[in-house]
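K.L.:
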Amino acid sequence: MSKIMLLFLAGFAPIFIACVSAVESLDPAKMLVARILGASGWKLFRYVIFPSTLPDIFVGMRTSLGFIYTTLVAAEMVAAESGVGWMVLDASKFLKSDHVFVGILAMGLTGLVLEGCFRCLERLFVPWKGKAE
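Residue numbers (full-length UniProt numbering): 1 to 133.
#1: What three-state label does DSSP hand P14 in the structure shown?
#2: Relative to the C-alpha of I49, which candidate in F8, A106, V20 and W86 has its C-alpha closest?
#3: Which term fits A13, buried or exposed, when burial requires 16 or more other beta carbons within 10 angstroms of its beta carbon?
#4: Please classify V84 as buried or exposed, where buried requires at least 16 other C-beta atoms within 10 Å of its C-beta.
#5: Nearest CA to the CA of M107: which residue from A74, M31 and A29?
#6: From the DSSP output, in three-state form, read off V126 for me.
#7: Return helix, strand or coil for L37, following the three-state DSSP convention.
Spelled out as structure tokens, the structure:
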């Protein structure tokens, strides 16, 4: 449970800051037009607020993913008996540079794969990102 809490604490701040920033940067004109057209409550949230903030929330989630992965590897190096971080640290103690290199390469490739998967999810859930309004 403590491992999960550590990763939660590492990832919470970027997502929270992105959500707050996204809501604060909402275009008041869009909100006003939606209200004039009769949207209120859940309809306002579902059709205006959520789609407008989702791109920024995904940016926060991607940033958070990087923090979580870095924290995971650092925690493995400090207080674990398995994992890639532990393997790299253990191999460095015995000057096994080939193991260190493979471990660092594995960390980098895992990070790239996670980022690529997250970008695919972002394209799937936020297809309007980057398009002109």
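C-beta atoms are modelled at their ideal positions from N, C-alpha and C, and glycine is treated no differently. Nothing here was measured: the structure is a model prediction, and the numbers come from that model.
P.N.:
In short:
#1: Locating residue 14 in the sequence shown gives position 14, counting from the first residue. If DSSP states are grouped into helix, strand and coil, P14 belongs with the helices.
#2: As a working mapping, residue 49 is identified with position 49 in the sequence shown. When each option's Cα is compared against that of I49, the closest is V20.
#3: As a first step, residue 13 must be located in the sequence shown, where it is residue number 13. Exposed is the call here.
#4: One-based indexing of the sequence shown puts residue 84 at position 84. Buried, by the Cβ-count rule.
#5: Within the sequence shown, the letter at position 107 stands for residue 107. When each option's Cα is compared against that of M107, the closest is A74.
#6: By one-based count along the sequence shown, residue 126 stands at place 126. Looking at V126 - three-state DSSP - the assignment turns out to be coil, as it is neither helix nor strand.
#7: Here residue 37 refers to the residue found at position 37 when the sequence shown is read from its first residue. Of the three classes helix, strand and coil, the one that applies to L37 here is coil, per DSSP.
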